[in-house]
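For reference, the structure discussed in these notes is given below.
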Amino acid sequence: MSDPEPTIRRAEEIEYETVDAAEGLSKGVLIGEDEDAPNFAVRRFELDAGAEVPKHTNEVEHEQYVLSGEYVVGIDDEEHEVSAGDSLLIPAGTVHWYRNEADEPGAFICAVPNGDDEIELAE
1 MSDPEPTIRR AEEIEYETVD AAEGLSKGVL IGEDEDAPNF AVRRFELDAG AEVPKHTNEV
61 EHEQYVLSGE YVVGIDDEEH EVSAGDSLLI PAGTVHWYRN EADEPGAFIC AVPNGDDEIE
121 LAE
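Letter by letter, the sequence shown follows residues 1 to 123 in full-length UniProt numbering.
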């Protein structure tokens with residue numbers, strides 16, 4: 001791969017799609033491999049009010065920053081209430097889930113290494 005060119009993407013350019021494994025969760029890739037980012041992808045997720053994302057793992061680490069709302073993040077056997085300004089590290093292979101019990105949607109930024117970020121549902 002050649003050296004990437006600097007890239008600016010405007011908010012209106014980002015396309016959001018629903019995440020198959022979770023009803024009420026949508027994802028937009030802000031910067032990633034399609035923009036020739038050599039190492040990481042930065043995505044924005046929206047978690048609808050009342051939405052739940054089932055227990056799952058991913059093969060890559062996740063660094064997250066909560067943009068808005070309040071919701072519960074389960075990591076291994078613990079649940080944590082998070083809100084705007086909070087940051088999380090979810091190591092690769094760690095079981096985690098989300099639950100938005102609030103009346104407002106939540107949103108977070110998630111950075112991951114480029115590559116397969118397929119969700120594997122936990123039993």
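From the three backbone atoms N, C-alpha and C, an ideal C-beta is built for every residue, glycine too.
For residue i, the first and last residue of its enclosing beta strand (DSSP E)
i	result
residue 18	16–18
residue 41	40–47
residue 75	70–75
residue 113	106–113
residue 52	52–57
Within-8 Å CB hit, residue i to chain C
i	result
residue 71	The structure shown contains no chain C, having only a single protein chain.
Cα-Cα separation, residue i to residue j
i	j	result
residue 95	residue 76	5 Å
residue 71	residue 33	29 Å
residue 4	residue 63	23 Å
residue 21	residue 115	18 Å
residue 65	residue 90	11 Å
residue 83	residue 61	21 Å
residue 35	residue 55	30 Å
residue 6	residue 23	35 Å
Exposed unless 16 or more other CB atoms sit within 10 angstroms - verdict on residue i
i	result
residue 106	buried
residue 47	buried
residue 43	buried
residue 121	exposed
residue 11	exposed
Beta-bridge pairing of residue i - partner residues as DSSP gives them
i	result
residue 85	None; residue 85 has no bridge partner.
residue 31	42
Counting beta carbon pairs with one atom in the segment 54–73 and one in the segment 102–111, are three or more of them shorter than 8 Å? yes
Answer yes if the segment 12–19 comes into contact with the segment 79–88, meaning at least three C-beta pairs across the two stretches below 8 Å, and no otherwise.
-> no
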